[in-house]
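A short worksheet on the structure shown next.
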Amino acid sequence: MTRRQEIIKILEENKQTAQQLANYFQTELKEIIEDLEHIEKSIKPRKLKNLPANCRKCNFVFRERSKIKKPSKCPRCKSEWVEAQMFFIQ
Ligand SMILES: [Zn+2]
Numbered sequence: 007m008t009r010r011q012e013i014i015k016i017l018e019e020n021k022q023t024a025q026q027l028a029n030y031f032q033t034e035l036k037e038i039i040e041d042l043e044h045i046e047k048s049i050k051p052r053k054l055k056n057l058p059a060n061c062r063k064c065n066f067v068f069r070e071r072s073k074i075k076k077p078s079k080c081p082r083c084k085s086e087w088v089e090a091q092m093f094f095i096q
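With this note's numbering applied, the sequence shown corresponds to residues 7 to 96, in that order.
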């Protein structure tokens, strides 16, 4: 099984952040981001969905999808306690 196939299998069963996948496969975050972009096209008609990143302190939701990378700071309360966006397949 290729890494992309494995990622698909994982995301069918669990929600994961890109960083969690990078840790699991012991690879660079940018490799995972490339995989996710590829997967998004290859799994049609299914969809790669994501829960947006959010601030754990004030619940601010980061609406714009900023290249999968985790925002470092909340623009509303300036907290750095930010939950990265999570991916899953539906
Ligand atoms: Zn906040």
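Glycine residues also receive a C-beta, built at the ideal position from the N, C-alpha and C atoms.
Query	Result
For R66, is the beta carbon positioned less than 7 Å from some heavy atom of ligand 1?	In the sequence as displayed, the identity of residue 66 is Phe instead of Arg. The answer is yes for F66.
Nearest to C83 by alpha carbon, out of C61, I13, N29?	C61
What's the C-alpha gap between L57 and R69?	10 Å
Buried or exposed: where does Q91 fall if 16 or more other Cβ atoms within 10 Å of its Cβ makes it buried?	buried
Assign E43 to one of three DSSP states: helix, strand, or coil.	helix
On the DSSP letters alone, give me the boundaries of the alpha helix (DSSP H) that K15 sits inside.	9-19
For N65, does the three-state DSSP call read helix, strand or coil?	coil
Say yes only if the C-beta of S85 is nearer than 7 Å to one or more non-hydrogen atoms of ligand 1, and no if none qualify.	yes
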